[in-house]
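The sequence shown begins at 1056 in the working numbering and counts up by one.
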Amino acid sequence: MTFLSQLSIHADKAFLRRLFAIALPITLQSMMFSSRSLVDVLMLGQLGEAEIAAVGVAARATFVTTIMLVGVTTGGALLTAQYWGAGDKVGVRRSTALTWMIAMMFAAIAVALFVVFPQPIMSLTTDSQEVIELGASYLIISSVSMFAVACVASMSVGLRAMHQPGLSTFFSGIGILSNVFLNWVLIFGQLGFPALGITGAAIATVISGAIEVGCLFGYLWLKKHIIAFGWDDIRAGLVLDKITRFLSLSLPTTFNFLAWAGGLFAYHAIMGQAGVQGLAALSVMTPVESIALAMMIGLSNAAAVLVGNQLGARNFEPVYYQAWATVILNVLIAFVVAVLLIVSNQWILNAFSALTTDTRELAEQFMVILALGVVLRSVPMMAIVGVLRAGGDVKFCLYQDILAQWVIGIPLAAFAAIYLNWDPQWVYLLFLTEEVVKWAICLPRMVSRKWMKNLIGQ
């Protein structure tokens, strides 16, 4: 049979229905998560460019931690998806418990660093004292929300493995609505509260995260859900071989995610060399980019669940063609999103009323480059997140990310910004170099089928 014939057989309508049934709630949850920082930037954007730059840099720092926690939970996601594919419900619950416990430990380390070293972290990207002080005050408070991120991420991987991502999405909706309301109250001083500005945004982030966690955990335990673990499940996970297996999957991915997210922070630092204008424009792009990529993120995570289920059930031949179908689908969606970004360029930027004319013009150029970036990211995102990692090919993903970003992308952008004094828009374009490199690395790996592994030994 031809490749296309195999695609049509294995990636049929039933497969696509399952894919989108998982992807759409994850997409919505991703958009909600991204909208937290977007809400902060939009509301603080009415105060001034320094506030926009400060919250953009601080949010990028907490984003690095969030990505680290997602990396930690990936080990649980891989195991849980394969346990579910093998029909082992106890394995699903205990894997979720172990994921939660380890994620909370990593969150505690991150919070301690943010509370003790806020100014040094902010000064990595800018020498503006005003931006550093504003960002540090935001970072100290908002960092506490990392515990909420750890809790939600841990439970979400269990729910996704069971094809129930809608539950965590629903409670994320509660979290974002409470965040918007609390931002309005605390930033601008409504309902008798003092106007706290950027500090109010940080407090709102922490409280809304606590509300989301309380509602999610309360529901799961009241309903006696499969992943509603107890102390017995936690103790069962505290076995050396289980922890070792978990960390063998999680740590390469965690380092991978940290290297990638740290690279994003490095890109912020590089753009900071262009001054507050370039940093403000990039801070506007960050949440817009996250929302623009949401559907592709949702599809990639959904693909990871289905690929993991198939590998757990040892259905190796169908999963190969289903993996390729998801890559093709992601590219098609990326083109649609890119067109929408270009068409809605002016409308999106009109929401940032505090931008000066020069910064607005720079942001318009950034938006066109962002549209190109969405298309370039489509293949690596699905190949890495949806396929290779789902098969446990985590070390390969780590090595290719380090090569593409830290060996090629970041040095090129830094050289252009610092030594060649290129304009910010051309430096921003160079940020996409790593995606081109990933195309050349990921596609041959998918063809090789070396990623097709059963991880649970059943």
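C-beta atoms are modelled at their ideal positions from N, C-alpha and C, and glycine is treated no differently.
{"Query": "Where V1235 sits in the DSSP three-state scheme", "Result": "helix"}
{"Query": "Separation of L1453 from V1362, as counted between CA atoms", "Result": "19 Å"}
{"Query": "Endpoints, alpha helix (DSSP H) assigned at R1500", "Result": "T1488 to S1503"}
{"Query": "First through last residue of the alpha helix (DSSP H) which encompasses F1248", "Result": "Here F1248 belongs to no alpha helix (DSSP H), and DSSP marks it neither H nor E."}
{"Query": "Own chain, CB closer than 6 Å to L1487, minus 5 neighbours either side, in chain order", "Result": "G1428 and L1431"}
{"Query": "Cβ distance (whole Å) where M1437 is taken to contact N1385 below 8 Å", "Result": "4 Å"}
{"Query": "Cβ neighbour criterion (16 or more within 10 Å) applied to L1387", "Result": "exposed"}
{"Query": "Boundaries (first-last residue) of the alpha helix (DSSP H) holding F1284", "Result": "Looking at the DSSP string, F1284 is not in any alpha helix (DSSP H), and its letter there is neither H nor E."}
{"Query": "E1267 beta carbon less than 8 Å from that of S1227", "Result": "yes"}
{"Query": "Bounding residues of the alpha helix (DSSP H) (the contiguous stretch that carries Q1455)", "Result": "V1449 to D1456"}
{"Query": "Whole-angstrom distance between N1509 and A1066, CA atom to CA atom", "Result": "21 Å"}
{"Query": "Burial state of S1399, where buried means 16 or more other Cβ atoms lie within 10 Å", "Result": "exposed"}
{"Query": "Inter-stretch contact at 8 Å, needing at least 3 Cβ pairs: the region 1244–1251 / the region 1214–1224", "Result": "no"}
{"Query": "CB-CB length for I1465 against G1318, believed under 8 Å", "Result": "6 Å"}
{"Query": "Between the CA atoms of A1191 and F1236 - distance to the nearest angstrom", "Result": "23 Å"}
{"Query": "Own chain, CB closer than 8 Å to M1350, minus 5 neighbours either side, in chain order", "Result": "A1078, T1082, I1388 and V1392"}
{"Query": "Whole-angstrom distance between R1300 and Q1513, CA atom to CA atom", "Result": "In this predicted model, Q1513 has a pLDDT of only 47, less than 50, meaning its place in the structure is not dependable; the value taken from the coordinates is given anyway. Taking the straight line from one Cα to the other gives about 15 Å."}
{"Query": "Cβ contact (3+ pairs, closer than 8 Å) linking the region 1114–1124 and the region 1274–1286", "Result": "no"}
{"Query": "Outcome for F1312 when other beta-carbon atoms lying within 10 angstroms are tallied against a minimum of 16", "Result": "buried"}
{"Query": "Local conformation of L1062 per DSSP, three classes", "Result": "helix"}
{"Query": "Proximity winner among I1253, C1270 and Y1193, relative to I1231 (alpha-carbon distances)", "Result": "C1270"}
{"Query": "Whole-number beta carbon distance between A1259 and A1108, since they are thought to touch under 8 Å", "Result": "Their Cβ separation, rounded to whole angstroms, is 19 Å, which puts A1108 and A1259 out of contact at 8 Å."}
{"Query": "8 Å Cβ cutoff met for L1074 and A1250", "Result": "no"}
{"Query": "S1085 classed as buried or exposed, judged by whether at least 16 other C-beta atoms fall within 10 angstroms", "Result": "buried"}
{"Query": "Backbone secondary structure at V1170 - three-state DSSP", "Result": "helix"}
{"Query": "Per-residue DSSP class, three states only, for L1222", "Result": "helix"}
{"Query": "Cβ-based neighbour list, L1071, same chain, cut-off 7 Å, excluding 5 preceding and 5 following", "Result": "none"}
{"Query": "Cβ-based burial, E1372 [other Cβ within 10 Å; buried from 16]", "Result": "exposed"}
{"Query": "Whole-Å CB distance - L1484 paired with I1424, under 8 Å assumed", "Result": "5 Å"}
{"Query": "DSSP state of S1408 mapped onto helix, strand, coil", "Result": "coil"}
{"Query": "8 Å Cβ cutoff met for G1447 and L1304", "Result": "yes"}
{"Query": "Distance, I1352 Cα to I1064 Cα", "Result": "25 Å"}
{"Query": "V1434 beta carbon less than 8 Å from that of I1253", "Result": "no"}
{"Query": "C-alpha distance - N1238 paired with I1298, whole-angstrom precision", "Result": "40 Å"}
{"Query": "Distance CB(V1462)-CB(A1471) smaller than 8 Å", "Result": "no"}
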